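S.K.:
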Amino acid sequence: MTLNIGVIGVGMIGQDHIRRITQVVSGARVTAVTDVDLDRAKAIAAGLPSAKALQTGQELIDDPEVDAAIVCSWGPTHEEYVLASIAAGKQVFCEKPLATTREACERILDAETAAGKRLVMVGFMRRYDEGYRAMKAVIDGGEIGAPLMFHSGHRNPSVPGHYTSDMIINDTCVHDVDVARFLLDDEIVAARVLTARKNSLASEHLTDPVLFIFEMAGGALVDVEASINIQYAYDIRGEVVGERGTVELAETNPVVVKGSGRFGGRVPEDWRERFIRAYDTEFQEWIDAASRGESTGPSSWDGYAATVVCDAGLKAMQSGERVEISLGEQPELYRTTTITGPTGTD
Ligand SMILES: NC(=O)c1ccc[n+]([C@@H]2O[C@H](COP(=O)([O-])OP(=O)(O)OC[C@H]3O[C@@H](n4cnc5c(N)ncnc54)[C@H](O)[C@@H]3O)[C@@H](O)[C@H]2O)c1
Numbered sequence: 389m390t391l392n393i394g395v396i397g398v399g400m401i402g403q404d405h406i407r408r409i410t411q412v413v414s415g416a417r418v419t420a421v422t423d424v425d426l427d428r429a430k431a432i433a434a435g436l437p438s439a440k441a442l443q444t445g446q447e448l449i450d451d452p453e454v455d456a457a458i459v460c461s462w463g464p465t466h467e468e469y470v471l472a473s474i475a476a477g478k479q480v481f482c483e484k485p486l487a488t489t490r491e492a493c494e495r496i497l498d499a500e501t502a503a504g505k506r507l508v509m510v511g512f513m514r515r516y517d518e519g520y521r522a523m524k525a526v527i528d529g530g531e532i533g534a535p536l537m538f539h540s541g542h543r544n545p546s547v548p549g550h551y552t553s554d555m556i557i558n559d560t561c562v563h564d565v566d567v568a569r570f571l572l573d574d575e576i577v578a579a580r581v582l583t584a585r586k587n588s589l590a591s592e593h594l595t596d597p598v599l600f601i602f603e604m605a606g607g608a609l610v611d612v613e614a615s616i617n618i619q620y621a622y623d624i625r626g627e628v629v630g631e632r633g634t635v636e637l638a639e640t641n642p643v644v645v646k647g648s649g650r651f652g653g654r655v656p657e658d659w660r661e662r663f664i665r666a667y668d669t670e671f672q673e674w675i676d677a678a679s680r681g682e683s684t685g686p687s688s689w690d691g692y693a694a695t696v697v698c699d700a701g702l703k704a705m706q707s708g709e710r711v712e713i714s715l716g717e718q719p720e721l722y723r724t725t726t727i728t729g730p731t732g733t734d
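Going by this note's numbering, the residue at position 95 of the sequence shown is 483; the numbering climbs one at a time, nothing skipped.
So this is what it looks like as structure tokens:
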């Protein structure tokens, strides 16, 4: 079966996912696209063999030639399209964030729970990265004992001009939030944010770098060092310290170069380069599951948890205080699949 996909929002990541669906992964084709910039949607559709441009996201979700939707529009618009997909009973892949407020995420949880079936996957692609998956396999295998701490490093060479101070939590650290929950298989119950001496290369309005610290329900601690103007590369670090061992992400380059009295390798230039294979795997697994009428990977609950933790992180950054986090009771629908990773389907 070929899964017919409709894409809502054909900006940067929407176009990249269309390339992935049409050129990299198998089992799907793009049959419809839409964008508030309709000319952009028409231009993208014209370059695809089987796609039409539709006026609105609702029209796209209702279209009989769309089996499943991908939401790649701006964050505040995600809720509307995810709810419409659930109402239509169609599988939906939503780029992060699931929604921008706790209340909006709760409306999605309520709708999906009422539907009685998982329909939503949230685009936390780090769960599909070979390195993080190998780390998780070591932790789950018990080799290092119970995890006590997770040190995460998220270093961006630079950020675009529209980047605001809140984005270091909402757009950058959100991935570390999800990967901490994934690796440690636990929820975050409190957060605080410490700010270091400011990087003089950062724009005046930005807080950079920050240390975002989480307390996990089981007592483990997580520190996320987020730097957004570190110039040298896009460098993602991760080390879990267990009771009798550690596991950490290895360098990603396949070769070590020696010369001029030094040795070294390449550090990725940006997130696309670092996570390109993770995005491909993410899409292949979503397409395979959606073709069977199933959902897989990060759920609405994971999207909800990330939004709630980032809200707490923003409060902690503004106040300098420790902020407690309560997610409330997890609906039964998510209990078998939450945090345990992309291999579980419902
Ligand atoms: N998983 C990741 O690592 C990752 C990476 C990049 C972006 N994202 C997420 O993907 C989303 C899109 O990011 P982007 O960088 O592609 O942004 P972008 O601005 O390049 O593209 C967004 C597109 O959505 C369109 N749009 C906005 N509102 C719309 C609406 N109501 N209906 C239809 N189209 C609408 C815009 O016209 C634009 O073409 C964001 O939520 C972002 O956080 C995730």
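Virtual Cβ for every residue (Gly too), placed ideally from N, Cα, C.
Bear in mind that the values here come from a model prediction, so they are computed numbers and not experimental data.
#1: Which partner residues of Glu624 appear in the DSSP bridge assignment?
#2: For Ser688, is the beta carbon positioned less than 7 Å from some heavy atom of ligand 1?
#3: Is it the case that the Cβ atoms of Glu613 and Leu594 are separated by a distance below 8 Å?
#4: Where does Thr731 fall in DSSP's three states?
#5: Can you tell me whether DSSP reads Gly652 as helix, strand or coil?
#6: By a C-beta neighbour count over all protein chains shown, 10 Å radius and 16 as the cutoff for buried, is Trp689 buried or exposed?
#7: Locate the beta strand (DSSP E) running through Val510, then write down its first and last residues.
#8: So Ala638 is in the beta strand (DSSP E); what residue range does that whole segment cover?
#9: Just to confirm my understanding: we take Ala441, look at its own chain, exclude 5 residues before and 5 after, and list those with CB closer than 6 Å. What are they?
#10: Specify, as a first and last residue, the run of the beta strand (DSSP E) that Thr419 falls within.
#11: Can you tell me whether Leu712 is helix, strand or coil according to DSSP?
#12: Does the structure place the segment 712 to 727 close enough to the segment 511 to 521 that three or more beta carbon pairs sit under 8 Å?
#13: Checking contacts by CB at 8 Å: is Glu613 closer than that to chain E?
#14: Is the separation between the beta-carbon of Gln479 and that of Leu507 shorter than 8 Å?
#15: Less than 8 Å separating the beta-carbons of Ile601 and Asp611?
#16: Tell me which same chain residues have a C-beta within less than 6 Å of the C-beta of Phe651, skipping the five on either side of it?
#17: Nearest CA to the CA of Glu603: which residue from Ala472, Thr552 and Val577?
#18: Can you tell me whether Val398 sits near ligand 1, meaning its C-beta is under 7 Å from at least one heavy atom of the ligand?
#19: Could you tell me which whole beta strand (DSSP E) segments of length 3 or greater appear in the segment 643 to 687?
#20: So for Thr726, helix, strand or coil by DSSP?
#21: Kindly indicate which residue of Gly435, Val424 and Ser683 has the alpha-carbon position closest to the one of Thr410.
#22: Spatial neighbours of Gly533 within its chain, please: CB distance less than 8 Å, with the 5 preceding and 5 following residues excluded, ordered by chain position.
#23: Look at the Cβ atom of Tyr667, then the Cβ atom of Arg407, and state whether they are nearer than 8 Å.
#24: Tell me which same chain residues have a C-beta within less than 7 Å of the C-beta of Asp450, skipping the five on either side of it?
M.R.: Looking at the atomic coordinates:
#1: Sequence check: residue 624 is Ile here, not Glu. Paired residues: His542.
#2: no
#3: no
#4: Annotation note: pLDDT 43 at Thr731 (below 50); position unreliable, coordinate value reported separately. It is coil, neither helix nor strand.
#5: strand
#6: buried
#7: Val508 to Val510
#8: Neither: Ala638 is in no beta strand (DSSP E) and is coded neither H nor E.
#9: Val421, Ala429, Lys430 and Ala433
#10: Ala416 to Thr422
#11: The question names Leu, yet the displayed sequence has Glu at residue 712. Correct three-state label for Glu712: strand.
#12: no
#13: Checking the listed chains, one finds no chain E in this structure; it contains a single protein chain.
#14: yes
#15: yes
#16: Val644
#17: Val577
#18: yes
#19: 645 to 647 and 650 to 652
#20: For Thr726, the predicted model reports a pLDDT of 40, less than 50, meaning its position is unreliable; a value from the coordinates is still stated below. In the structure shown, Thr726 sits in coil (DSSP, three-state: anything other than H, G, I, E or B).
#21: Gly435
#22: Gly630, Glu631, Arg632 and Gly633
#23: no
#24: Ala476
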